[in-house]
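Sequential numbering of the sequence shown, starting at 1, is according to UniProt numbering.
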Amino acid sequence: MFSFHNLSPERQHLSTHVASIYPQDPVLRMGSNLTASCWVHPDLGVHASSLFWTLNGQPLASSLYKVLSPNNLSVMLVGLNASRQKSGDNLVCHNHKGHILAGSCLYVGMPPQKPVALSCWSRNTKDLTCSWAPGGKGETNINTHYTLKYKRRWYDEEKKCEDYSVGQPYSCRITRDLYLFTPYEIWVEASNQLGWAVSDVLTLDILDVGELRLGTANNKDMPDLQR
1 MFSFHNLSPE RQHLSTHVAS IYPQDPVLRM GSNLTASCWV HPDLGVHASS LFWTLNGQPL
61 ASSLYKVLSP NNLSVMLVGL NASRQKSGDN LVCHNHKGHI LAGSCLYVGM PPQKPVALSC
121 WSRNTKDLTC SWAPGGKGET NINTHYTLKY KRRWYDEEKK CEDYSVGQPY SCRITRDLYL
181 FTPYEIWVEA SNQLGWAVSD VLTLDILDVG ELRLGTANNK DMPDLQR
């Protein structure tokens with residue numbers, strides 16, 4: 001979300017009461033087109049033709065502008081590139097002196113693809129560590145959440161792994177609800193504001209993965225690795 005916290009109190013008051021941008025903080029697919037509009041309060045005494053737009057601090061060409069009314073200026077962005085940072089790109093409307101009137105964050109990216117190379121191993125048969133890789137090129141350019149889920153093959157409702165590794169973003173350690181001599185089904189779900197995807201299901205018995213990374217999901221992508 002666009003923030004005015006870096007502005008002086010006087011400019012914060014001015015900005016948040018006299019102008020607004022629509023749409024506010026949209027989430028868009030890469031390559032999309034966007035028409036945004038900046039509306040200014042009539043009491044401000046500013047004509048829309050005197051306003052200008054910036055994207056990440058860089059002025060946008062006036063040829064992209066259209067005066068919709070004396071108080072409304074639009075800008076058309078074509079073929080949007082991926083956001084430069086997960087916090088979004090700042091689209092800002094300024095008056096002729098350069099003062100910020102309103103802002104919006106653009107989140108431009110892609111929906112996640114099916115996670116791949118899911119593998120799991122156990123050091124002591126009391127826990128299970130699983131890792132995976134994002135599908136496709138691996139970068140969605142917007143915040144994407146990965147959830148490792150598991151269940152006993154013929155019993156139980158699905159459960160969520162909770163012990164995610166800080167140093168390894170695509171890894172999680174299951175430390176409870178594990179039983180020996182029982183096949184488990186394990187999979188990864190990936191989601192963001194543009195879509196959702198799920199990996200192939202990995203089927204295993206904890207006794208079969210002690211000291212080895214083994215499984216049945218995406219075997220062509222994951223050779224056995226000696227721990």
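Just so it is clear, CB atoms sit at the ideal spot from N, CA and C, and this is done for glycine as well. The structure presented is a predicted model; accordingly, all values stated were derived computationally and were not measured.
Residue nearest to residue i in terms of C-alpha spacing, selected from the options
i, options, result
"Y146", "N81, G135, R153", "G135"
"V92", "Y22, N143, N192, P42", "Y22"
"A190", "D208, P169, D205", "P169"
"G31", "K160, S49, S119, G109", "G109"
"S50", "V166, E158, D89, H94", "H94"
"L28", "N143, K114, L118, Y155", "N143"
"W154", "T203, S69, L68", "T203"
"P183", "V209, S62, N72, L60", "V209"
"N56", "I100, V67, K160, K66", "I100"
Close beta carbons around residue i, own chain, < 8 angstroms, minus the five adjacent residues each side
i, result
"residue 248", "Since the first residue shown for the chain is 1 and the last is 227, residue 248 is missing from the structure and cannot be characterised."
"L207", "T125, L180, F181"
"S83", "D89, L106, Y107, V108, G109, N141, I142"
Cβ shell of residue i (< 6 angstroms), same chain only, five flanking positions each side left out
i, result
"T35", "S74, M76"
"T54", "V92"
"H96", "S50"
"I72", "The amino acid occupying residue 72 in the given sequence is Asn; Ile does not appear at that position. Closer than 6 angstroms at Cβ, skipping near neighbours: S37, W39, A48."
"Y164", "C172"
7 angstroms Cβ shell around residue i - same chain, five flanking residues per side excluded
i, result
"S8", "Residue placement at S8 cannot be trusted, given a pLDDT of 39 that sits under 50; the coordinates are not used to answer."
"Q85", "none"
Beta carbon of residue i nearer than 9 angstroms to that of residue j
i, j, result
"N90", "G103", "yes"
"A48", "P26", "no"
"K149", "V116", "no"
"K137", "S199", "no"
"V201", "E185", "yes"
"S62", "F52", "yes"
"L106", "T140", "no"
"K151", "E162", "no"
Assigned exposure category for residue i - 16 Cβ within 10 Å defines buried
i, result
"L64", "exposed"
"G88", "buried"
"W196", "exposed"
"A19", "buried"
"N192", "buried"
"residue 267", "Outside the displayed span of the chain (1 to 227) sits residue 267, for which this structure offers no information."
"P112", "buried"
Inter-stretch contact (C-beta, 8 angstroms, three-pair minimum) for the region 122-140 and the region 168-175: yes
Taking contact to mean 3 or more Cβ pairs, one atom from each stretch, closer than 8 angstroms, check whether the region 38-49 and the region 111-129 are in contact. no
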